[in-house]
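Counting with the working numbering, you get residues 5 to 552 for the letters of the sequence shown. Input: a single structure, listed below in structure tokens.
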Amino acid sequence: MSHLQLILLINALFSLSTGLSLILFRKVIAKWFGQRKSTVFWIVGLGLLFFSSFVFVQSVKPESEVILFIIILDLIWVLVSAAILLLRPFSITRLGNKIISCIALVVLLLAIGQAFELSKIDTISGKTLNGLGISLPIPQMEFKKEGTFTGVFSYGNFKDKITLEIRKDAAKWQVRFTSLEQNAFQISAREVIVRLDSINFKLQSDTHTYDFRNKWNEKKNRLTGTLRADTVSVRYSLKREKSTNENSVESKEVHFMSEGLKRGGTVWKGKKSNKKGIVFISSSGNGGRSGSRAEAIYFANKGFTTFHYDKRGTGVSEGNWQSATMNELLSDDLNAIRYFSEQTGIPLSQIGIKGSSQGATKIPFILNKLDDLNFGIVVSCPGSTLLESDLNHWKNSNSETLGNDLEIAAEFQRKVFEHIAGKLSRGKLESILEDGKTKSWFSSVWIPNLDEVQIDEKLSFSPIPYFEQTKQPLLVIQGIADKIIPIASHQTISTALKNARNKKHKIVLLENANHSMYFVGESDFPYWAKLHDDYLKTIDKWINSNIP
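Rendered as structure tokens:
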């Protein structure tokens with residue numbers, strides 16, 4: 005029990021005893037006060053009983069606005085008592101005046117004690133209380149509230165390790181949410197409200213609002229709370245991390261040059277290093293390094309020094325990824341790996357590389373180019389050209405709509421992709437499309453504004469010829485629920501590696517994993533998407549078993 009709660013309890017007991025006395029002994033007390041009628045003492049006694057129950061509730065579960073109201077009522081009692089003593093409107097005896105004075109003095113001391121203890125508590129992030137325009141001084145007890153709290157959030161078959169980092173600057177409280185398996189790193193919460201021992205806030209996704217309501221437990225050094233999403237409420241308990249957490253990682257922002265362009269990246273390093281490195285190869289689209297941040301931190305916690313970087317034209321990196329050729333992007337990757345090795349002092353022989361999707365297609369080329377590299381990890385890699393992979397994605401997205409017309413429509417879609425890849429002229433494409441305009445399925449064919457098409461020869465790139473030459477250890481992971489790459493990709497890659505006589509490769513298929521390695525099976529908590537439970541474990545186990 006805090007000092008504030010103790011003072012509130014004393015106030016409740018004092019009010020209760022005074023109220024009961026006024027009710028039970030009202031006639032005797034009326035004589036003490038020199039009054040003929042005792043009704044007023046009965047009424048005041050009932051009011052004090054109600055007030056005492058009100059205060060007792062706050063001594064158990066205090067709320068700053070309500071406590072402020074109690075203080076105001078106490079001060080009103082003192083002011084009314086002072087007015088009676090000064091104006092003497094009821095011809096009260098000397099004994100009665102002494103009783104009024106004593107009770108008023110006790111109430112005044114209680115009000116001062118409550119106000120003093122309340123002033124120690126941060127209420128609503130420095131805002132006025134209850135709209136009354138009163139702002140209390142806040143000499144905050146930082147050690148109780150600020151910190152990093154971590155634990156497992158579970159509901160049915162759903163489990164996820166989450167971290168809440170709670171800090172307060174001069175202006176307001178801040179909460180940052182981290183879940184590496186959701187690729188969420190220090191996501192800022194909104195509507196942060198702190199009241200006494202509670203802190204509430206919200207997180208927002210594209211589709212859901214997550215309402216967190218928490219309480220600090222000082223004795224157990226924990227933060228306990230409830231998360232509400234839609235109609236589901238889930239309780240959880242998070243433990244405060246020690247400030248000298250051995251598993252924490254350090255990050256360093258770095259810049260390097262590649263073909264005259266400035267590139268930005270982050271190096272992550274755990275406090276316990278195994279003197280090995282992993283470089284995460286950039287992937288497709290305009291996404292920067294944030295897409296690989298969770299895995300970079302995960303493996304840094306495992307002892308690796310990790311590096312991920314923005315591809316050209318994303319994040320803080322210069323250039324244009326859309327107009328860049330595959331050779332230029334590969335050159336950027338090679339320069340990034342060399343830079344990482346030089347800056348950290350980790351030789352290429354102790355560095356592995358990992359890529360997903362388009363990033364995965366570049367892994368075998370890089371391993372052949374830098375044959376001193378230790379290993380490669382290939383995730384969601386098409387066993388085909390990027391064009392065939394994009395076409396496969398289109399077919400999977402339109403199969404239900406088009407039914408028996410899927411294959412003929414796909415041939416028209418292929419021609420569009422071939423034009424973008426620079427294999428088919430605009431004139432020939434327009435002639436082909438003209439023949440299909442009257443077909444019922446034609447509206448399902450994706451056709452960009454041909455005046456704005458930028459030729460992208462990257463679509464013709466295939467990793468298979470380079471897999472056929474790769475000698476280093478390789479882990480290949482494919483999700484069975486992947487709707488983007490051809491379903492037989494793992495078989496094509498396996499055949500290529502056998503042609504290379506690579507006996508140090510492993511193919512792993514993950515059920516209910518999609519292209520991004522997220523779990524897409526049945527979940528009791530479908531409001532959060534997270535990585536497949538076996539994904540990172542598979543990589544970790546393979547490295548420990550196969551990489552010296």
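Positions of the beta carbon are idealized from the N, C-alpha and C atoms, including for glycine.
Do residue i and residue j have their C-beta atoms closer together than 9 Å?
i    : j    : result
S19  : L50  : no
R297 : T329 : no
V538 : S384 : The identity of residue 538 in the sequence shown is Asp, whereas the question assumes Val. Their beta carbons are not under 9 Å apart, which means D538 does not touch S384 by this criterion.
Q495 : I489 : no
L437 : V457 : no
K149 : K172 : yes
L338 : S286 : no
S56  : A108 : no
T309 : I341 : no
S498 : T389 : no
G426 : E461 : yes
S288 : S401 : no
I74  : V59  : yes
From this set, the options, which residue's C-alpha is nearest residue i's C-alpha?
i    : options                : result
D164 : K172, H494, R171, G155 : G155
A119 : S68, V84, P93, K149    : S68
K399 : W445, L479, I355       : W445
M521 : R342, S21, H536        : H536
W220 : V320, Q208, Y240       : Y240
S353 : I370, D376, K366       : D376
Q347 : S262, F311, E404, L374 : F311
P469 : N339, D336, G387       : G387
V196 : S209, E434, R217       : R217
S95  : I543, H397, A34        : A34
S63  : E121, G407, Y302       : E121
L433 : E422, T442, K443       : E422
N503 : Q417, E472, Y313       : E472
S393 : R418, N548, I203, T542 : R418
Taking only the alpha-carbon atoms, compute the straight-line gap between residue i and residue j and give it to the nearest angstrom.
i    : j    : result
K228 : S183 : Here residue 228 turns out to be Thr, not Lys, going by the sequence shown. Taking the straight line joining both Cα atoms gives about 17 Å.
N161 : A492 : 30 Å
D126 : R180 : Here D126 scores only 46 on pLDDT, less than 50, and its place in the model should not be relied on; the value that follows carries that caveat. One C-alpha to the other measures close to 19 Å.
F189 : S237 : 23 Å
P143 : P477 : Since pLDDT at P143 reaches only 41, below the 50 mark, its modelled position is unreliable, and the value read off the structure follows with that caveat. Between P143 and P477, the C-alpha separation is close to 59 Å.
I191 : E169 : 10 Å
L79  : V111 : 8 Å
V512 : V480 : 6 Å
N378 : I350 : 11 Å
R430 : D455 : 10 Å
I14  : S158 : 41 Å
G137 : S123 : In this prediction, G137 has a pLDDT of 42, which is less than 50 and means its spatial position is unreliable; nothing more can be read from the coordinates.
K306 : G274 : 7 Å
T230 : T365 : 43 Å
L395 : S466 : 14 Å
N518 : S321 : 29 Å
Name the DSSP beta bridge partners of residue i, please?
i    : result
K219 : S202, T228
Y539 : Note: Y539 sits in no beta bridge, so no partner.
E169 : T152, R180
Q208 : T213
H509 : L478
K534 : None, per the DSSP bridge assignment.
I104 : DSSP, once it has assigned bridges, lists no residue as partnering I104.
W272 : S255, T310
L514 : G483
Margin query: Give the list of continuous beta strand (DSSP E) stretches no shorter than 3 residues that lie fully inside the segment 242-270.
Written below: Complete beta strand (DSSP E) runs here, min 3: 253-262.
Next item on the list: Would you mind listing the beta strand (DSSP E) stretches within the segment 306-339 that are 3+ residues and don't spill past its ends, in chain order?
Entry: 309-313
Checklist line | Start-end ranges of the alpha helix (DSSP H) lying completely within the segment 346-379, minimum 4 residues | finding: You should have 362-365, 367-373.
Item checked: beta strand (DSSP E) segments (min. 3 residues) lying fully within the segment 281-306 -> 281-284
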